[in-house]
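See below for the structure under consideration.
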Ligand SMILES: NC(=O)c1ccc[n+]([C@@H]2O[C@H](COP(=O)([O-])OP(=O)(O)OC[C@H]3O[C@@H](n4cnc5c(N)ncnc54)[C@H](OP(=O)(O)O)[C@@H]3O)[C@@H](O)[C@H]2O)c1
């Protein structure tokens, strides 16, 4: 999802090669070596991951192979070759107990297997390549993937009443906006860890209501349900709002408020 928008945004000003899992399995060290040597990029942006949060609970070994070993392979390949690595990570490295937005230096304490595998990936990237740029983001939706916005609209076609979680808070983020931010991170040669999301925050329930409102589906009711009641296998943080001031200060770039980005996404569907 993010990779597709990233290629679209970056190819306006750069030579971009996008590789999906069929062409390169990042968990395969030899394949990474061969591909990176053949392409010899100036910048390598890793948006590949095992992103099925519930699936990771059942397949923690696979999650670690892709999200931790895969990230390690890429970092090892960039080391000593003057290839700048930008690695994308997640708000789910946090446990959600903090009252306000999370800063980059706040301690990670992932609740589930997905977050643990991504946190391990982050740590290994930092250790191998201290000059790498790590970008944590959250609650992504975009044109090229299954996502919450599409799931809500699809359910609204079948039901008059939806049940949506109201005790998790985060920042919905449009992959097109994040892709632009990653382009800026590459151009500005950022190093270290940064949080990047669209501005503002909401619960999944508020997000769902806004989606239906903007899509002209006000006739569909949304009822609150708790995380416990929702019965999803993976635990999720109650608060994963990310403080993005460090990125804004470093780049001068402010991502737009999430309702504005959502409106744009819906208009372009
Ligand atoms: N989605 C979110 O809400 C969210 C939130 C915070 C952070 N992030 C992070 O943002 C990044 C992009 O997420 P996304 O939503 O765009 O995810 P996505 O749509 O699931 O894209 C991830 C891609 O990685 C590919 N992949 C899986 N295993 C691979 C492997 N071993 N080698 C190479 N490619 C592999 C997947 O292929 P298949 O589809 O064929 O498996 C998929 O095309 C990830 O780092 C994710 O952890 C996402």
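Numbering (this note's numbering), first residue to last: 9 to 277. Each residue gets a CB set at the ideal place from its N, CA and C atoms; glycine is no exception. Nothing here was measured: the structure is a model prediction, and the numbers come from that model.
- Taken through DSSP and simplified to helix, strand or coil, residue 141 comes out as strand.
- For residue 217, the enclosing alpha helix (DSSP H) starts and ends at 212–222.
- Listed as beta-bridge partners of residue 173 by DSSP are 233.
- Here residue 18 is buried, its C-beta having at least 16 other C-beta atoms within 10 Å.
- In this structure, DSSP gives residue 107 a state outside helix and strand, which the three-state scheme calls coil.
- Taking 4 residues as the minimum length, the alpha helix (DSSP H) runs contained wholly in the stretch 36–90 are 37–47, 61–66, 68–72, 79–86, in order along the chain.
- Linking residue 57 to residue 139 through their CA atoms gives a straight-line distance of about 21 Å.
- Within 7 Å of the C-beta of residue 55 there is at least one heavy atom belonging to ligand 1.
- Cβ neighbours of residue 117 within its own chain (closer than 6 Å, five residues either side excluded): 103.
- Checking the 7 Å criterion, the Cβ of residue 202 is out of range of every heavy atom belonging to ligand 1.
- Remark: the shortest separation between the CB of residue 191 and any heavy atom of ligand 1 does not fall under 7 Å.
- Taking residue 180 as reference, the option from 189, 162, 198, 150 with the minimal CA-CA separation is 150.
- DSSP places residue 238 within a helical segment (H, G or I) once states are collapsed to three.
- Note that the C-beta distance between residue 125 and residue 83 is not below 8 Å.
- By alpha-carbon distance to residue 276, the top candidate from 226, 98, 222 is 222.
- About 7 Å separates the CB atoms of residue 245 and residue 176; that is less than 8 Å, so the two are in contact.
- With 16 or more other CB atoms across the displayed protein chains lying within 10 angstroms of its CB, residue 92 is buried.
- Nearest C-alpha to residue 270 among 253, 193, 215, 38: 215.
- Only residues of its own chain outside the window of five on either side were considered, and among them 230 have a CB closer than 7 Å to the CB of residue 217, listed in chain order.
- At a cut-off of 7 Å, the beta-carbon of residue 211 does not count as near ligand 1: no heavy atom of the ligand is closer than that.
- If you draw a 10 Å sphere on the C-beta of residue 144, you find 16 or more other C-beta atoms in it, and that means buried.
- Non-local C-beta neighbours of residue 120 in its own chain, meaning closer than 8 Å and more than five positions away in sequence, comprise 61, 64, 65, 100, 242, 243, 244, ordered along the chain.
- Put simply, the backbone Cα of residue 94 is about 15 Å away from that of residue 27.
- The alpha-carbon of residue 178 is positioned some 23 Å away from that of residue 260.
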